[in-house]
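Undergrad: One structure coming up, written as structure tokens, with questions to follow.
Number of protein chains: 2
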Amino acid sequence: MKDIAAHLGVSIAVVSYVMSGKKGRVSSEMEAKINKAAKELGYQPNLIARSLKSGKTSTLGLIVADISNPFFAHIARIIEDTAKQHGYTVIFGSSDESVEKSQDLIDTFLNRQVDGLIIAPPAGTEAQVKMLQKKKMPFVLIDRYFPDIPTDNIRIDNFGAGYAAADCLLKSGRRSIALISYRSGMEHIKERERGYRQALIDHGVAPQDEWQIKASYQRLESEVREGLARLQPGVGVDAILFSTNSLAIEGLKQLNRMGLRIPDDLGVVSFDESDAFDLFYVPITHIRQSLPDMGMEAVGLLLRHIKDKKHKTEEIVVGSDLVSGASCGAVATKMVG
Amino acid sequence: MKDIAAHLGVSIAVVSYVMSGKKGRVSSEMEAKINKAAKELGYQPNLIARSLKSGKTSTLGLIVADISNPFFAHIARIIEDTAKQHGYTVIFGSSDESVEKSQDLIDTFLNRQVDGLIIAPPAGTEAQVKMLQKKKMPFVLIDRYFPDIPTDNIRIDNFGAGYAAADCLLKSGRRSIALISYRSGMEHIKERERGYRQALIDHGVAPQDEWQIKASYQRLESEVREGLARLQPGVGVDAILFSTNSLAIEGLKQLNRMGLRIPDDLGVVSFDESDAFDLFYVPITHIRQSLPDMGMEAVGLLLRHIKDKKHKTEEIVVGSDLVSGASCGAVATKMVG
DNA sequence: TTGCCCATGTTAAACGTTTAACATACCTTA
DNA sequence: TAAGGTATGTTAAACGTTTAACATGGGCAA
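If you read the sequences in order, they're chains A and B. Numbering of the first sequence is given in the working numbering, commencing with residue 2 and proceeding in unit increments. Numbering of the second sequence is given in the working numbering, commencing with residue 2 and proceeding in unit increments.
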């Protein structure tokens, strides 16, 4: 801008007026001259300076458990696109379900003056969420949420989805159904568990504690292995419900290794999507969450909150549906394609 | 900082000196007082202001074809981690293999004053790359590269990998081997094609033009379908080599639909990794690129280039290997696990 | 005692924008 | 013709840092 002003022998202010598109502030001849000079000199605005002045960065921070997990990668893509449509750029970080990394990322993003945050919060980060609220930093939670802390959040009907998943297995005649989930105790997982239990009860099956296997994010492989050993699938239980895609992928690998056939020896249903579910020798029935809706709603809600700081908190439930493969068991009737 | 200075009745400068860790510039009592006040008042540095002054943002821009593609999502994760270790944050964007979107992202990132860029460039973006060079903006290319433009870049030995992939099929007794790849004409794909052809020739098989199917990124499904129809797999060709994971996923879905059995009716090898390859009814033999190396080297090289603008360009070839499944055809001898 | 140096703190300019407040000249209108 | 309005440009302060240059006072050597 300085160069343009000097080149034309005018003040920096008038250049700024035309560059920032203020109408009616400068004559049209001057505007033309300045635009011409700007093009010639290849002017590009310095967004950092702009941000410093305006206090806005047009940047959103995205914190997920792991960007390389297809579930989050897919959401990230939607968020990126939606944010761009509104002139925002996204910076991201992976928390690995760690409280410390999450705090670290939040601090980093705050220091970088992001305008808002989209977070899939790890278990145990209630304090971080409250801190954001105290600082009046706009944010929305996705996928997970804290029932005791009212916040903007986007999620599916986890109870209903858990119910539908178990229901599918029960309707196929399965009676002893295991649930493999994360140990974290996050509410969305608990809801899925509740849905699963209710479905069992509604079908006259008493849920057994030993059917519920918990694995930790950090030691997925070994704990899934131990869990499966305890379950004795095919003998002890006749079906398994996985509450996330990563659990299912790991579980299916091990079931393959154990030589179990699905759905003959064992019925299987999972949450989330994966190319592997579609291409498995029997397509895996799974709960599909509407990731486009989740991402778009998250950005939309966040931007509304950024623009109107007094915005009351909203909880948005987006769609999910059961995609029928043949892994439940009733091959003939369930196959969809 | 202003608050701290006022609170202590000192100048802003001395606060700045201790906050930015300048040693020997301020007495230790003063330093202690200021640190205490900073903690009490919850001071957090404004990185935007810092950046404006220093001209450095400690931010890297990452441009990939699609962050929701597991290949790029995985690289993104490595890059994120490596960048964080060095105090850098990553902003990302997906080009969808579009020249315009790529230009758009580059412009956005430059305006945001990123310190450097990591780019998987779409076909036809030579001019963009040259523009970056003219502006002396540090960047490194990953996965793809332009043979006519010397740039920092990280890639695998695409010729060797293509050769190894085809070799595996040939050694299993396949003679008519199709290659399905992207139409883009990017050098890394061409190299894979050259490797494939050379392997055929070395095994005394004359490559047929009609064995080479090209699909465009934007119309993947229909063009793969048409390509497969022309190939008549199982009749016209006895094996298919896919040059990327997305092509393979799409292709395998359609082969399933066509009722073809692998490896009995058709041998298959793919590039890249996927959970679906491991969990397919027969594990898919594939070329695994060392993503950790690619990501870490990319960040390392970029930071070297940022620190030393006179750094001469480097081309780094990272490892790749053939992960044997049973999809080549020689089930008995090839199975690995 | 004088003169210097050193340690420590302050002042002010700068980074690239934005924008309120001011200045100027011209045009109306009565 | 005078008063007021309008159109257009300039000045300068501000955003939150950093840092060169300057100021001050005390300690030390000769």
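Yeah, the Cβ is synthetic: ideal placement off N, Cα and C, and Gly gets one too.
If I measure Cβ to Cβ from A:Asp294 and keep anything under 7 Å in the same chain, skipping five residues before and after, which residues do I get?
TA: One-based indexing of the first sequence puts residue 294 of chain A at position 293. Hits under 7 Å: Val319, Gly320.
Undergrad: Return the chain-ordered list of same chain residues with a C-beta closer than 8 Å to the C-beta of A:Trp212, the five sequence neighbours on each side being excluded.
TA: In the first sequence, residue 212 of chain A corresponds to position 211, counting from 1. Correct list, in chain order: Ser177, Ile178, Ala179, Leu180, Leu232, Val238.
Undergrad: Any Cβ of chain A within less than 8 Å of the Cβ of B:Pro264?
TA: For the purposes of this step, residue 264 of chain B is taken as residue 263 along the second sequence, with counting starting at 1. Not an interface residue.
Undergrad: Select from B:Phe278, B:Arg289, B:Arg305 the residue whose C-alpha is nearest the C-alpha of B:Ala327.
TA: By one-based count along the second sequence, residue 327 of chain B stands at place 326. Of B:Phe278, B:Arg289, B:Arg305, the residue nearest in Cα terms is B:Phe278.
Undergrad: Please name the residues in the stretch 55–81 of chain B whose beta-carbon is closer than 7 Å to at least one beta-carbon of chain A, in chain order.
TA: Residues passing the 7 Å Cβ filter: Thr58, Asp67, Ile68, Ser69, Pro71, Ala74, His75, Ala77, Arg78, Glu81.
Undergrad: How would you write the range of the alpha helix (DSSP H) that A:Glu30 sits in, first residue to last?
TA: The residue you call residue 30 of chain A lines up with position 29 of the first sequence. Its alpha helix (DSSP H) spans residues 29–42.
Undergrad: When we look at the beta-carbon of B:Pro122 and count the other beta-carbons within 10 Å, is it buried (16 or more) or exposed?
TA: For this step, residue 122 of chain B is matched to residue 121 along the second sequence. By the 10 Å Cβ count, B:Pro122 comes out buried.
Undergrad: Cβ of A:Leu280 less than 8 Å from any chain B Cβ?
TA: Position 279 of the first sequence, counted from the first residue, corresponds to residue 280 of chain A. Yes, because at least one Cβ of chain B sits closer than 8 Å to the Cβ of A:Leu280.
Undergrad: Residues in the same chain with beta-carbon distance under 6 Å from B:Lys102, minus the five sequence neighbours each way, listed in chain order, please.
TA: By 1-based counting over the second sequence, the position of residue 102 of chain B is 101. Cβ within range, chain order: Ser96.
Undergrad: Suppose contacts are defined by Cβ-Cβ distances below 8 Å. Is A:Gly330 in contact with A:Gly268 by that definition?
TA: As a working mapping, residue 330 of chain A is identified with position 329 in the first sequence. As a working mapping, residue 268 of chain A is identified with position 267 in the first sequence. Yes. Within cutoff.
Undergrad: In the DSSP output, what is B:Asn154 paired with across the bridge?
TA: Sequence index remark: in the second sequence, residue 154 of chain B carries index 153 (1-based). In DSSP, B:Asn154 forms a bridge with B:Leu142, B:Glu316.
Undergrad: Nearest CA to the CA of A:Gly117: which residue from A:Pro284, A:Asp309, A:Gly235?
TA: Position 116 of the first sequence holds residue 117 of chain A. Nearest of A:Pro284, A:Asp309, A:Gly235 to A:Gly117, Cα basis: A:Asp309.
Undergrad: If you drop the 5 nearest sequence neighbours on each side, which residues of the same chain put their C-beta closer than 8 Å to that of A:Lys137?
TA: As a position in the first sequence, residue 137 of chain A is number 136, starting the count at 1. For A:Lys137, where only same-chain residues beyond five positions count, the Cβ hits under 8 Å are Lys310.
Undergrad: Using the Cβ count rule (16 or more neighbours within 10 Å means buried), how would you classify A:Ile202?
TA: Walking along the first sequence from the start, residue 202 of chain A turns up at place 201. Exposed.
Undergrad: Please return the same chain residues whose Cβ sits closer than 6 Å to the Cβ of B:Phe243, not counting the five positions on each side in sequence.
TA: As a position in the second sequence, residue 243 of chain B is number 242, starting the count at 1. Excluding positions up to five away in sequence, the list reads Ile181, Ala249, Gly252, Ser271.
Undergrad: If I'm right that B:Leu323 touches B:Thr286 with Cβ under 8 Å, what's the distance once you round it to whole angstroms?
TA: Mapped onto the second sequence, residue 323 of chain B falls at position 322. Mapped onto the second sequence, residue 286 of chain B falls at position 285. Yes, they are in contact, since the Cβ atoms of B:Leu323 and B:Thr286 sit about 7 Å apart, within 8 Å.
Undergrad: Can you tell me the Cβ-Cβ gap for B:Gly196 and B:Ala167, rounded? I've got them flagged as a contact below 8 Å.
TA: Position 195 of the second sequence, counting from 1, holds the residue named residue 196 of chain B. Position 166 of the second sequence, counting from 1, holds the residue named residue 167 of chain B. The Cβ separation is near 7 Å, so the contact holds.
Undergrad: Could you check what DSSP says for A:Asp322 in three-state terms: helix, strand or coil?
TA: For the purposes of this step, residue 322 of chain A is taken as residue 321 along the first sequence, with counting starting at 1. Here A:Asp322 sits in strand by DSSP.
Undergrad: Just the Cα atoms here: how many angstroms apart are B:Gln155 and B:Leu142?
TA: Residue 155 of chain B sits at position 154 when you count from the first residue of the second sequence. Residue 142 of chain B sits at position 141 when you count from the first residue of the second sequence. Note on identity: in this sequence residue 155 of chain B is Ile, with Gln being the wrong assignment. The straight-line gap from Cα to Cα measures roughly 6 Å.
Undergrad: Between the stretch 76–83 of chain A and the stretch 296–305 of chain A, can you find at least three pairs of beta-carbon atoms closer than 8 Å?
TA: Yes, since at least three Cβ pairs between the stretch 296–305 of chain A and the stretch 76–83 of chain A fall closer than 8 Å, the two stretches touch.
Undergrad: So with CB distances below 7 Å, who are the chain A contacts of B:Leu253?
TA: In the second sequence, the residue the question calls residue 253 of chain B occupies position 252. Within chain A, the residues near B:Leu253 are Leu280.
Undergrad: Going along chain A in order, which residues have a C-beta closer than 8 Å to the C-beta of B:Asp340?
TA: Because chain B spans 2 through 338 in this model, residue 340 of chain B falls outside it and cannot be assessed.
Undergrad: Less than 8 Å between the C-beta atoms of A:Asn354 and B:Gln114, yes or no?
TA: Since the first residue of chain A shown is 2 and the last is 338, residue 354 of chain A is not available in this structure.
Undergrad: Is A:Ala333 helix, strand or coil by DSSP?
TA: For the purposes of this step, residue 333 of chain A is identified with residue 332 of the first sequence, where counting begins at 1. Bear in mind that the predicted position of A:Ala333 carries a pLDDT of just 39, short of 50, making it unreliable; the figure below should be weighed with that in mind. Three-state result, A:Ala333: helix.
Undergrad: Roughly how many angstroms lie between the CA atoms of B:Met259 and A:Leu292, to the nearest whole one?
TA: Stepping through the second sequence from its first residue, residue 259 of chain B is reached at position 258. Stepping through the first sequence from its first residue, residue 292 of chain A is reached at position 291. If I take the Cα positions, the gap works out to 29 Å.
Undergrad: Below 8 Å on the Cβ atoms is my guess for A:Ala165 versus A:Ile76; work out the distance and round it to an integer in Å.
TA: Working through the first sequence from its first residue, we reach residue 165 of chain A at position 164. Working through the first sequence from its first residue, we reach residue 76 of chain A at position 75. Not quite, the Cβ-Cβ distance comes to about 21 Å (not below 8 Å), so this is no contact.
Undergrad: Please return the same chain residues whose Cβ sits closer than 7 Å to the Cβ of A:Thr334, not counting the five positions on each side in sequence.
TA: For the purposes of this step, residue 334 of chain A is identified with residue 333 of the first sequence, where counting begins at 1. Note on A:Thr334: pLDDT 39, under 50, position unreliable in the model; the coordinate value appears next. So the list is empty, once near-sequence residues are dropped.
Undergrad: What residues from the stretch 108–120 of chain B come within 9 Å of chain A, judged by C-beta to C-beta, listed N to C?
TA: Under the 9 Å Cβ criterion, the stretch 108–120 of chain B contributes Asp108, Thr109, Phe110, Leu111, Asn112, Arg113, Gln114.
Undergrad: Against chain A, with Cβ distances strictly below 8 Å, would B:Ile214 count as a contact?
TA: Residue mapping note: residue 214 of chain B aligns to position 213 of the second sequence, counting from 1. Judged by the 8 Å Cβ criterion, B:Ile214 is not in contact with chain A.
Undergrad: If you follow the beta strand (DSSP E) that A:Phe243 is part of, which residue opens it and which one closes it?
TA: Translated into positions along the first sequence, residue 243 of chain A becomes position 242. Taken as a continuous stretch (DSSP letters only), the beta strand (DSSP E) holding A:Phe243 covers 240–243.
Undergrad: Show which residues of chain A have a CB atom less than 8 Å away from the CB atom of B:Leu267.
TA: The residue labelled residue 267 of chain B in the question sits at position 266 within the second sequence. Near B:Leu267 there are no residues of chain A at all, since even the closest Cβ is about 15 Å away, more than 8 Å.
Undergrad: For B:Ile76, which residues does DSSP report across the bridge?
TA: Taking the first residue of the second sequence as position 1, residue 76 of chain B is located at position 75. Answer by DSSP bridge pairing: none, since B:Ile76 is not bridged.
Undergrad: With DSSP run on the structure shown, which of helix, strand or coil describes A:Tyr89?
TA: As a working note, residue 89 of chain A is residue 88 in the first sequence. Coil.
Undergrad: Give a yes or no on whether the C-beta atoms belonging to B:His87 and B:Leu304 are separated by under 8 Å.
TA: The residue labelled residue 87 of chain B in the question sits at position 86 within the second sequence. The residue labelled residue 304 of chain B in the question sits at position 303 within the second sequence. In this structure, B:Leu304 lies closer than 8 Å to B:His87 by Cβ.
Undergrad: Alpha carbon to alpha carbon, how far is A:Val337 from B:Val130?
TA: Stepping through the first sequence from its first residue, residue 337 of chain A is reached at position 336. Stepping through the second sequence from its first residue, residue 130 of chain B is reached at position 129. Only weak support exists for where A:Val337 lies, its pLDDT of 32 falling under 50; the coordinates are left without a value.
Undergrad: A:Arg289 lies in the beta strand (DSSP E); which residues open and close that run?
TA: As a working note, residue 289 of chain A is residue 288 in the first sequence. Residues 286–290.
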